[in-house]
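The structure appears below as structure tokens.
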Amino acid sequence: MQTLRQELTTKETELTRKEAEVARAEETIRREQQQIQEMRQRETALVQAKDREIAMLQQQLGEKYSYTCQVSGPGLTSATVNHPTHILVQLTDCSGRPYSLPLNVTAQLELVLKATPTNTPEATPICLPVVTVTEETMPTSRSPWSKKPSSQYKVSYTPVSRGQHKLHVQVNDREINGSPFTLTVYPDPRQLGHPVRTVTGLDQPYGMVFNSHQEMIVSERRGHRLSIFDIRGQEIRTFGSHGDSPDQMEHPTGIATDDTHNIYVSSEHKLQKFTSRV
């Protein structure tokens with residue numbers, strides 16, 4: 001009986017010891033969880049402070065420095081459809097000195113190029129995101145950008161529609177000095193068309209005019225004559241030869257017609273008038 005009591009006492013002591021160990025472990029876990037929570041709070045506070053710093057720098061850049069930014073480059077006033085071009089944006093401070101951003105540029109600088117057609121107001125503007133991605137409202141090539149020395153940014157873009165445009169250059173949603181700029185986009189010369197009919201056999205053709213019969217009259221400067229073709233390019237007749245007589249020509253160039261189908265020709269040192277049926 002005595003032995004049984006001793007075993008029971010020993011087990012009770014062991015149970016008490018284990019309960020104490022569990023309590024200490026739970027306390028350790030509680031303290032560690034509290035430390036983790038405090039670390040998360042400090043991390044959140046640091047991120048918020050950094051965000052406030054970035055926002056302040058963005059505001060300073062937008063409110064102070066965007067007005068003194070300078071823009072240059074071949075793509076500022078003229079461009080060609082489907083041909084890449086670029087502009088250079090120089091970031092400067094309020095004193096006109098190059099402005100360098102102390103933090104990650106992509107995190108705080110939004111440089112956006114927009115081209116709005118002026119000849120077709122109902123057309124959707126082109127939005128060309130450069131650093132911060134924004135919604136593109138018209139199909140166009142994404143504008144690559146690269147940072148050059150002295151806080152100068154090279155902005156490349158490819159026009160997709162011809163005509164007059166207003167080129168907006170914005171830094172953090174604010175127009176820079178001089179923006180918007182007048183941009184003329186010319187058609188792609190490779191897409192102007194293909195020849196459908198060719199007239200050959202002319203000797204240095206110079207001037208051309210159509211009369212009321214839809215006939216094409218061409219002056220041949222080196223051939224000293226005029227050639228007349230129908231609307232299909234078939235030769236109807238030619239007249240003239242080299243010389244000084246009234247019915248001869250000498251290097252004819254400019255030609256014109258009147259309502260009575262007369263033909264006027266300018267050649268070396270004289271003007272000549274021919275009837276419609278020579």
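For the sequence shown, UniProt numbering begins at 1 and goes up steadily by one.
Backbone N, C-alpha and C define an ideal beta-carbon position, used for all residues, glycine too.
If we count the other Cβ atoms within 10 Å of its Cβ and call it buried at 16 or more, is Pro-189 buried or exposed? Translated into positions along the sequence shown, residue 189 becomes position 189. With fewer than 16 other Cβ atoms within 10 Å, it is exposed.
Span separating the alpha-carbon of Pro-246 from that of Asp-230: Taking the first residue of the sequence shown as 1, we reach residue 246 at position 246. Taking the first residue of the sequence shown as 1, we reach residue 230 at position 230. For Pro-246 and Asp-230, the distance between alpha carbons rounds to 26 Å.
With a CB to CB cut of under 7 Å and the five nearest residues on each side skipped, what residues in its chain are close to Arg-221? Within the sequence shown, residue 221 is the residue found at index 221, counting from 1. Cβ within range, chain order: Gln-204, Tyr-206, His-251, Pro-252 and Thr-253.
Just the C-alpha distance for Gly-201 and Tyr-186, rounded to the nearest angstrom, thanks. Indexing the sequence shown from 1 puts residue 201 at position 201. Indexing the sequence shown from 1 puts residue 186 at position 186. Cα to Cα, Gly-201 sits roughly 33 Å from Tyr-186.
Which partner residues does Gln-164 have in the DSSP bridge list? If you number the sequence shown from 1, residue 164 lands on position 164. Its beta-bridge partners are Thr-184.
Which whole-angstrom value describes the C-beta separation of Ser-72 and Leu-88, a residue pair presumed to lie in contact below a C-beta threshold of 8 Å? The count along the sequence shown starts at 1 and reaches residue 72 at position 72. The count along the sequence shown starts at 1 and reaches residue 88 at position 88. Confirmed, Cβ separation roughly 5 Å.
Shortest alpha-carbon distance to Gly-243 belongs to which of Arg-237, Met-208, Ile-255 and Arg-225? In the sequence shown, counting from the first residue as 1, residue 243 sits at position 243. Per the Cα distances, Arg-225.
Report the residue ranges of all beta strand (DSSP E) runs contained in full by the region 190-218; include only those spanning at least 3 residues, in chain order. 205-210
Measure the Cβ-Cβ separation of residue 310 and Pro-159 and say whether it is below 7 Å. Lying outside 1 to 278, the shown extent of the chain, residue 310 is not represented and no answer is given.
Using the Cα positions of residue 279 and Ala-45, report the straight-line distance between them to the nearest angstrom. Nothing about residue 279 can be reported from this structure: the residues present for the chain run from 1 to 278 only.
Using three-state DSSP, classify Arg-174 as helix, strand or coil. Position 174 of the sequence shown, counted from the first residue, corresponds to residue 174. Strand, per DSSP.
Would you mind working out which of Glu-32, Arg-24, Gln-248 and Thr-275 sits nearest Glu-268, comparing C-alpha positions? Against the sequence shown, residue 268 aligns to sequence position 268. If we check each option's Cα against that of Glu-268, Gln-248 comes out closest.
Nearest-angstrom Cα separation, counted from Lys-50 out to Val-86: Residue 86 sits at position 86 when you count from the first residue of the sequence shown. Residue 50 sits at position 50 when you count from the first residue of the sequence shown. Residue identity check: residue 86 is His in the sequence provided, not Val. So the two alpha carbons sit approximately 33 Å from each other.
Between Thr-106 and Gln-170, what straight-line distance do the alpha-carbon atoms span, to the nearest angstrom? For this step, residue 106 is matched to residue 106 along the sequence shown. For this step, residue 170 is matched to residue 170 along the sequence shown. Only weak support is given to the placement of Thr-106: the predicted model assigns it a pLDDT of 35, under 50, and the question is left unresolved by the model.
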